[in-house]
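Numbering (the numbering used here), first residue to last: 102 to 375. We treat Cβ as the ideally placed atom computed from N, Cα and C, and that holds for glycine. None of these values were measured; they are calculated from a predicted model. Shown next, in structure tokens, is the structure this report addresses.
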Ligand SMILES: Nc1ncnc2c1ncn2[C@@H]1O[C@H](COP(=O)(O)OP(=O)(O)O)[C@@H](O)[C@H]1O
Ligand SMILES: [Mg+2]
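Here it is, written out as structure tokens:
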């Protein structure tokens, strides 16, 4: 389905993404983890064509999308909708208009200038908001909503494009644990119920492990791990994050300890069932 072949991005002498190869052969939910600066955002931005690759190829359903331009490029960008840590909504505009802006790629400039949205689109936007549990906020300004609600508005805007893939760059990094959980559950449901692929950059291991079918680890621009969440042992995590001082940063080390404890508990449980 989605095939990324030796994708590389250089910024001057700095290689932000180094010959990354990834094959997604069926819809799934993928978590990308790694330290800050590992190349996670650059990889997603290249897939979505916000950033052009220096080398390598991106194939979707046997079609090369690496160098698309104009209309074809915009159509691809609608197929792989992107959501961001900071939501990127228009704060003073109402929620439903923010969601309707997800259809802008398909609409004439004239209609866009006058905010003329077809009734069918408005109904669809409200249905999507309803599905995400935030329909009652449709008339409010985006800025009046909590972070978790705003991120769900951003997800709704992405869904308006009916994307095959959702690319999420640290979607929960600015949210408290409760809101983070709601947003991750929404993404998981969208994957399971609609069969869309979700690729999310995540800053914590436990989130990747909990919600994703597959985890990709990046370090210094390279993909150094690609496997099942249960294969993500402490040793592997150490390799991804680097076994130096940064690794003992509270967030990550706590999560690793929790991870180890969870794995141990699950193993004990598995044994008890034999
Ligand atoms: N627009 C840019 N110009 C120059 N360097 C960049 C740019 N974007 C990212 N980089 C560099 O590329 C590397 C990877 O960055 P990024 O993809 O943002 O990593 P991550 O998302 O994993 O934190 C870093 O060294 C970063 O400084
Ligand atoms: Mg990033």
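Inter-residue CB distance, residue i and residue j (contact presumed, cutoff 8 Å)
| i | j | result |
| --- | --- | --- |
| residue 233 | residue 287 | 6 Å |
| residue 303 | residue 134 | 6 Å |
| residue 109 | residue 116 | 7 Å |
| residue 203 | residue 261 | 3 Å |
| residue 300 | residue 266 | 7 Å |
| residue 257 | residue 230 | 5 Å |
Terminal residues of the beta strand (DSSP E) in which residue i lies
| i | result |
| --- | --- |
| residue 107 | 103-112 |
| residue 194 | Here residue 194 belongs to no beta strand (DSSP E), and DSSP marks it neither H nor E. |
| residue 268 | 266-270 |
| residue 301 | 298-302 |
Residue i beta carbon near ligand 2 (any heavy atom closer than 7 Å)
| i | result |
| --- | --- |
| residue 168 | no |
| residue 110 | no |
| residue 162 | no |
| residue 340 | no |
| residue 270 | yes |
| residue 198 | no |
| residue 275 | no |
| residue 189 | no |
| residue 302 | yes |
| residue 142 | yes |
Nearest to residue i (by Cα), restricted to the options the options
| i | options | result |
| --- | --- | --- |
| residue 274 | 257, 318 and 186 | 186 |
| residue 118 | 219, 180, 148 and 243 | 148 |
| residue 142 | 319, 289 and 342 | 319 |
| residue 340 | 231, 139 and 279 | 139 |
| residue 310 | 166, 296, 328 and 293 | 328 |
| residue 314 | 298, 250, 334 and 193 | 298 |
| residue 132 | 321, 291 and 268 | 268 |
| residue 290 | 253, 165 and 153 | 253 |
| residue 281 | 305, 266 and 292 | 305 |
| residue 126 | 114, 111, 102 and 113 | 102 |
| residue 264 | 153, 219, 160 and 180 | 180 |
| residue 154 | 120, 171 and 308 | 120 |
| residue 242 | 227, 223, 193 and 168 | 193 |
Limits of the unbroken alpha helix (DSSP H) element including residue i
| i | result |
| --- | --- |
| residue 156 | First-last for residue 156: 156-161, but that is the beta strand (DSSP E), not the alpha helix (DSSP H). |
| residue 291 | 278-295 |
| residue 203 | Segment: none, residue 203 is in no alpha helix (DSSP H) and carries neither H nor E. |
| residue 336 | 335-342 |
| residue 171 | 171-180 |
| residue 233 | First-last for residue 233: undefined, no H or E at that position. |
Any non-hydrogen atom of ligand 1 within 7 Å of residue i CB
| i | result |
| --- | --- |
| residue 259 | no |
| residue 137 | yes |
| residue 115 | yes |
Per-residue DSSP class, three states only, for residue i
| i | result |
| --- | --- |
| residue 323 | strand |
| residue 115 | strand |
| residue 134 | strand |
| residue 166 | coil |
| residue 307 | helix |
| residue 189 | coil |
| residue 258 | helix |
| residue 143 | helix |
| residue 354 | Summary for residue 354: the model assigns pLDDT 41, below 50, so the residue's position carries little reliability; its value from the coordinates is reported in the next sentence. Reduced to three states, the DSSP call for residue 354 is helix. |
| residue 347 | Here residue 347 scores only 49 on pLDDT, less than 50, and its place in the model should not be relied on; the value that follows carries that caveat. Note: residue 347 maps to helix in three-state DSSP. |
| residue 274 | coil |
| residue 387 | Since the first and last residues shown for the chain are 102 and 375, residue 387 lies out of range. |
| residue 121 | strand |
| residue 253 | helix |
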